[in-house]
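The numbering of the first sequence is our numbering, which starts it at 73 and goes up by one.
Glycine included, each C-beta is placed from N, C-alpha and C at the ideal position.
These numbers come from a predicted model, not from an experiment.
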Amino acid sequence: MPRYEPQSIEPKWQQFWAKNNTFVTPDEPRKGSQGKMYVLDMFPYPSGDGLHVGHPEGYTATDILCRFSRMQGKHVLHPMGWDAFGLPAEQHAIKTGTHPRDTTYKNIDNFRRQLQMLGFSYDWSREISTTDEDYVRWTQWIFLQLFKSWYDPEREWTGPDGKTRTGKARPISELPIPAEVKSAGEDAIRKYQDEHRLAYQSDAPVNWCPGLGTVLSNEEITADGRSEREGHPVERRKLRQWMLRITSYADRLLKELDDLDWPESVKLLQRNWIGKSVGAEVDFLVKGLESSDSFEAWKSSRKESGFKRTPEENVLRVYTTRPDTLFGATYMVIAPEHPLVDALSTADQKEAVADYVRKSSLKSELDRTDLAKGKTGVFSGSYAINPVNKKEIPIWIADYVLISYGTGAIMAVPGHDERDLEFAQAFELPVIPVVQPPDEDVDPIGFTGLGTAINSGEFDGTPTVEFKKKITAALNADGLGKEAVNFRLRDWLFSRQRYWGEPFPIWHELDADGKPTGNVRAVEESELPVRLPDMDDFAPKGTPEPPLSAAPEEWLYRTLDDGTKLRRETNSMPQWAGSCWYYLRFCDPKNSEAFIDAEKEKYWLPVDVYIGGAEHAVLHLLYSRFWHKVLFDLGHLHSAEPFHKLVNQGMILGEAEFTAYRVAAESAVSDQRDEPFADDLQQNWVSSRNVEEKDSKYLEKETGAILEAVLIDEKETAKKGNDFILKSDTSIVIDSRAHKMSKSRGNVINPDDIVNDYGADSLRLYEMFMGPLEQTKPWNMSGVEGVYRFLGRVWRMIVDERNDDATVLHADVQDVELNDEQTRTLHKTIKAVTEDIEKLSFNTAISRMMEFTNEFSSQQPRPKSAMIPFVQLLNPFAPHIAEELWEVLGQTESLTYSEWPKFDESKLVESEIEIPVQINGKLRAKIKVPAEADKDAMESAAKVDETIIQQLEGKQIVKTICVPGRMVNFVVKG
RNA sequence: GCCGAAGUGGCGGAAUGGCAGACGCGUCGGAUUCAAAAUCCGAUGGGGGUAAACCCCGUGCGGGUUCGAGUCCCGCCUUCGGUACCA
73 MPRYEPQSIE PKWQQFWAKN NTFVTPDEPR KGSQGKMYVL DMFPYPSGDG LHVGHPEGYT
133 ATDILCRFSR MQGKHVLHPM GWDAFGLPAE QHAIKTGTHP RDTTYKNIDN FRRQLQMLGF
193 SYDWSREIST TDEDYVRWTQ WIFLQLFKSW YDPEREWTGP DGKTRTGKAR PISELPIPAE
253 VKSAGEDAIR KYQDEHRLAY QSDAPVNWCP GLGTVLSNEE ITADGRSERE GHPVERRKLR
313 QWMLRITSYA DRLLKELDDL DWPESVKLLQ RNWIGKSVGA EVDFLVKGLE SSDSFEAWKS
373 SRKESGFKRT PEENVLRVYT TRPDTLFGAT YMVIAPEHPL VDALSTADQK EAVADYVRKS
433 SLKSELDRTD LAKGKTGVFS GSYAINPVNK KEIPIWIADY VLISYGTGAI MAVPGHDERD
493 LEFAQAFELP VIPVVQPPDE DVDPIGFTGL GTAINSGEFD GTPTVEFKKK ITAALNADGL
553 GKEAVNFRLR DWLFSRQRYW GEPFPIWHEL DADGKPTGNV RAVEESELPV RLPDMDDFAP
613 KGTPEPPLSA APEEWLYRTL DDGTKLRRET NSMPQWAGSC WYYLRFCDPK NSEAFIDAEK
673 EKYWLPVDVY IGGAEHAVLH LLYSRFWHKV LFDLGHLHSA EPFHKLVNQG MILGEAEFTA
733 YRVAAESAVS DQRDEPFADD LQQNWVSSRN VEEKDSKYLE KETGAILEAV LIDEKETAKK
793 GNDFILKSDT SIVIDSRAHK MSKSRGNVIN PDDIVNDYGA DSLRLYEMFM GPLEQTKPWN
853 MSGVEGVYRF LGRVWRMIVD ERNDDATVLH ADVQDVELND EQTRTLHKTI KAVTEDIEKL
913 SFNTAISRMM EFTNEFSSQQ PRPKSAMIPF VQLLNPFAPH IAEELWEVLG QTESLTYSEW
973 PKFDESKLVE SEIEIPVQIN GKLRAKIKVP AEADKDAMES AAKVDETIIQ QLEGKQIVKT
1033 ICVPGRMVNF VVKG
């Protein structure tokens, strides 16, 4: 084999690794193990499109880490699996009639083939799919643990990690039952327990997506009220749904982020998502209700009773983060869904209120959150009494207040809240400034920052922060208010109306008429898994009735020995369920007794390095952490957090494109502005500066003429200043940009093609060489060619290319001693590559190996003792060629488990170094000095340099700065 | 609007406060070849100068700190990503 031919050596080594179980991780570490290393990729959804070039980016990074760690003696766990439930397979089933299971396993086969072709060192014996019945079993089991638990926020305890926490998930049997519930009977107790479970049912309004035929979680909806997947509109409907009580864990999910080695930006995203805010709840007495006491009477009764757990019927409780602005509250707003809406509506306002409430309930999420459309609302007819100044202020109903946050009611302070100000202006409500901004020139109205109090009675002049504390304490003393904490985070909507997901292991009890009694019971753990019934109709019915409700009777119903009739839960779990705990199962994938063996869990967890896309920064990672903590609380896990170090790989964009714009033919007939259309523009180019994008159409800014975007070959372009222009018309500025890869744009790169043309090693190397792992970067085909050429040079450095018959060592590679220069280069390279891998700075590590190759390629002879460690350095990056060269170099021991080369710091020092000499900070000359030269020696060496003598002539040296081994700088005058 | 990340040659990118542009791509020139592919060697930020010596400018823009700033500080601009009335 003469030339470097990845097409023949890559399959050879892949087969070798498979046959020898090279990457199978034994439970027991090898002798002399340097500790465990669990390196995990975010496992892919096996889509029908196959692997995308974005996948191998993170996968190569982790593979490098693993191969590097093995050579450093680590006991490495590096598994791969499939997040295989999910909508696309089911949508495909609806279209074609193919069962989602068939589609899914076919796609998995293709994904596995593609991953194996890239030579990743996964332990395939641990492969799992979230759709495997054995896996589903334990997903359902974990759900049951949530179902069978409640959260005790008061419980103080010390976990196996030695940390003391307040708050713990506990078995539902330990839930204290209040006496009045107990006395109400068995059903009341069950209901009370159900209300406290970590997995519970709720009737709250949810996001129903008719287009997908399912309910979606808040997290799956985009800012403009559409489904993240496929972009269908979403509406609000009241449906019975399963929820997971993630909000109980809000504080711990927030606090325990601190110790994680995650990017700060991801931590911040999670912090914002959890959205903790500290403020106060304040009670306002409503005036004019029949049962209303006088304000003073109420106040004195409150003084005695203190702040109540739940307010009286004629009291409106609000949440505010700015209790210091209480004097500026000029009206109140309650959400249309607020329970007091009816009670507060006076006779003459009843109709208007009912009308408004109906309208806002029909509004989609999109309409309701569209800020551009302005605020709406209706006066209830009632008034509340401001507890600090007894002022009567009107109570409004408006949908800019959300029932799901705080108490669903606010005190409006239009002087210092943008939304309230907008509303006040729309409905001509009074605005009172109560905070003076620190800057006298700033208008207090609309100021939302910190300042000092004005128009606030005895509190005038108090700084905001102090005022908040004071007023909260005062309200608390009077029983009118209390410090309160709120979270933006909502409970997790956990059910979906789809077929292709885990069935819930839940039975609903039925009464004699076959109607649900409202009581549910868990499927016995010994009966798990609840398998999906065989069905051939998956199509959504356009109603929220899940496909599983059309399952065969024998699946759907059961009658117990005592005659109790049961019907299965027909919702299914969301795709997140399976990905919530897969990292646990990898440690013990075949266990039939438990979801994971306790000893194995203790050994392998937490995951040491977790690499994946930033799109999972919030949801997947938050959900996983939540499940992990529940299992931790229940004593099933030893660690409180699943992922120690997290890295987000950047997106890979398509090749850069040059786009020019010209008037489209259709513009001539359909000129948007009805103006006579300028003929001279027709078919002429338009500078991209004059182009605006509207509804994915390009328009000329002035005339509104419709433009077409034309791809321009790079050869037709030139650079002018900061812009690119057309060579044929240099006045035309064109766009130069790389876009996301997408089928519609036609710029998708298929890894199969790259492997066919250049080999897996080149693909791996290129993806690492493109730039920093975490950065977004454009694809560039000639870049792939570049690293392919590099591998060719490496090949020729070691292999005799002229020998057509066999792969033999190049005659120049000999058993000779390294000279000083070679020793230095080798050790420099080992040091740099080692440290760069540790920093995940793979692009620079590759540069260093290129430099090594450039230097050694031309040398004759080339010491074998330099080639051997070099091949070891290359191995994590390009393992196939490395194995082949390792063999050519006559090595018989496994390269995979060979010892990583060590560098010797003392071999790095050079005897003479070149340093810059500056005058007034400007580089003027370079001089050679002994490496150990001190300040004086450097200074005198610099002063005898010819250029420096010339430059210093007639000038006075004011100061000399010498940094040994670094530089000399003369500061001069005159 | 808010939050985050980033702006360095024609392009991807490199640079513990100390020689800006390592390495790669592209381009140009040369060698090899009948010719090409492949390979090898050299040049390559911009401007001036004689393709020398050398000089000036240069890391988004404007200030500042420092003997010295791509790097630190203040104020902007642009691009990308996330987010959306959370009181």
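For Gln313, the residue or residues it bridges with in DSSP: Paired residue(s): Ser274.
Taking only the alpha-carbon atoms, compute the straight-line gap between Ser664 and Gly480 and give it to the nearest angstrom. One C-alpha to the other measures close to 47 angstroms.
Under the DSSP definition of a beta bridge, which residues are partnered with Arg640? Its beta-bridge partners are Trp579.
Just verifying my parser: in three-state terms, what is the DSSP assignment at Arg657? Here DSSP, grouped into helix, strand and coil, assigns Arg657 to helix.
What is the rounded straight-line gap between the Cα of Lys542 and the Cα of Asn527? Between Lys542 and Asn527, the C-alpha separation is close to 16 angstroms.
Locate the alpha helix (DSSP H) running through Ala426, then write down its first and last residues. First-last of the alpha helix (DSSP H) with Ala426: 422-434.
Near Ser454, which residues of its chain fall below 8 angstroms by C-beta distance, leaving aside the five closest residues on each side in sequence? If we look at Ser454 and ignore the five residues flanking it on each side, its Cβ neighbours are Val358, Lys359, Gly360, Leu361, Leu416, Ser417, Thr418, Pro466, Ile467.
According to DSSP, is Ser966 part of a helix, a strand, or is it coil? The answer is coil: DSSP assigns Ser966 none of H, G, I, E or B.
Within its chain, find whatever has a CB closer than 7 angstroms to the CB of Trp334; leave out the 5 residues flanking it on each side and keep chain order. Contacts found: Leu718.
Taking C-alpha atoms, which residue in Ser193, Asp872, Leu149, Trp280 lies nearest to Arg570? By alpha-carbon distance to Arg570, the top candidate from Ser193, Asp872, Leu149, Trp280 is Trp280.
Leaving out the 5 sequence neighbours to the left and right, which residues in its chain are closer than 6 angstroms to Gly1037 when beta-carbon positions are compared? Same-chain partners within the cutoff: there are none.
DSSP has Asp355 in a bridge; who is on the other side? Beta-bridge pairing links Asp355 to Arg389.
With a cut-off of 8 angstroms, do at least 3 Cβ pairs link the region 621-631 to the region 596-607? Judged by Cβ distances under 8 angstroms, the region 621-631 makes contact with the region 596-607, as three or more pairs qualify.
Within 10 angstroms of the Cβ of Arg657, are there 16 or more other Cβ atoms? Answer buried if so, exposed if not. Burial is judged here by how many other beta carbons sit within 10 angstroms of a residue's own beta carbon; Arg657 has at least 16 and is buried.
I'd like the span of the alpha helix (DSSP H) that includes Cys138, first residue to last. Cys138: member of the alpha helix (DSSP H) spanning 126-143, first to last residue.
Go through the region 554-641 residue by residue and report every complete run of the alpha helix (DSSP H) that reaches 4 residues or more, in order. Within the region 554-641, the runs of alpha helix (DSSP H) that reach at least 4 residues and sit entirely inside it are, in chain order, 625-628.
How big is the Cα-Cα spacing for Val866 and Ala954? Straight-line Cα distance between these residues: approximately 10 angstroms.
Beta-carbon proximity list for Asp877, same chain, < 7 angstroms, skipping 5 on both sides: No residues qualify anywhere along the chain.
Mind checking who Leu881 pairs with in its DSSP beta bridge? Leu881 is bridged to Val871.
Got a sec? Which residues, its chain only, sit under 8 angstroms from Lys643 by beta carbon, not counting five neighbours each side? The displayed chain sequence assigns Asn, not Lys, to residue 643. Taking C-beta separations shorter than 8 angstroms and ignoring five residues to either side along the sequence, the partners of Asn643 in its chain run Gln313, Trp314, Ser567, Arg568, Gln569, Phe576, Pro618, Leu620, following chain order.
CA-to-CA distance, Asp330 to Ile504, given in whole angstroms: About 41 angstroms.
First and last residue of the beta strand (DSSP E) that includes Glu671? Residue range 670-676 is occupied by the alpha helix (DSSP H) that includes Glu671, with no beta strand (DSSP E) assigned at that position.
Excluding the 5 residues preceding and the 5 following Asp751 in the sequence, name in chain order all residues of the same chain whose CB lies nearer than 6 angstroms to its CB. Here the model assigns Asp751 a pLDDT of 46, short of 50, so the residue's position is not dependable, and the following value carries that caveat. Listed in chain order, the non-local C-beta contacts of Asp751 below 6 angstroms within the same chain number zero, local neighbours out to five positions each way being set aside.
I'd like to check one pair, Thr901 with Met921: are the Cβ atoms closer than 8 angstroms? Taking 8 angstroms as the Cβ cut-off, Met921 and Thr901 qualify as a contacting pair.
Taking the Cβ atom as the reference point for each residue, do Gly1074 and Pro850 lie within a distance shorter than 8 angstroms? Since the displayed the chain opens at 73 and closes at 1046, residue 1074 lies outside it and no answer follows.
With burial defined as no fewer than 16 other Cβ atoms inside 10 Å of the residue's Cβ, what is the status of Gln86: buried or exposed? Classification for Gln86: buried.
Touch test, the region 479-499 against the region 399-406, Cβ-Cβ under 8 angstroms, three pairs minimum: Short answer: they touch.
Would you mind reading off the limits of the beta strand (DSSP E) that contains Tyr682? That run of the beta strand (DSSP E) goes 679-685.
DSSP three-state call for Gln1028: helix, strand or coil? In the three-state scheme derived from DSSP, where H, G and I count as helix and E and B as strand, Gln1028 is classed as strand.
Between which two residues does the beta strand (DSSP E) carrying Gln847 extend? Boundaries cannot be given for Gln847, as no beta strand (DSSP E) includes it and DSSP labels it neither H nor E.
If you scan the region 971-1001 from start to end, which runs of the beta strand (DSSP E) of 3 or more residues do you find wholly inside it? As far as the region 971-1001 is concerned, its whole beta strand (DSSP E) runs of at least 3 residues are 984-991.
At least 3 beta-carbon pairs within less than 8 angstroms: the region 496-503 vs the region 521-536: With a cut-off of 8 angstroms, the region 521-536 and the region 496-503 do not count as touching, because too few Cβ pairs lie within range.
Is the CB-CB distance between Val557 and Lys348 below 8 angstroms? Note that the C-beta distance between Val557 and Lys348 is below 8 angstroms.
Which complete beta strand (DSSP E) runs does the region 764-852 hold, if anything under 3 residues is left out? Secondary structure within the region 764-852: the beta strand (DSSP E) runs of 3 or more consecutive residues, fully enclosed, are 769-772, 778-784, 789-792, 795-798, 805-812 (chain order).
Which residue from Glu599, Glu538, Tyr76 puts its Cα closest to that of Trp210? Among Glu599, Glu538, Tyr76, the Cα nearest to that of Trp210 belongs to Glu599.
Does the beta-carbon of Ile517 have 16 or more other beta-carbons within 10 angstroms, so that it is buried, or is it exposed? Result: exposed.
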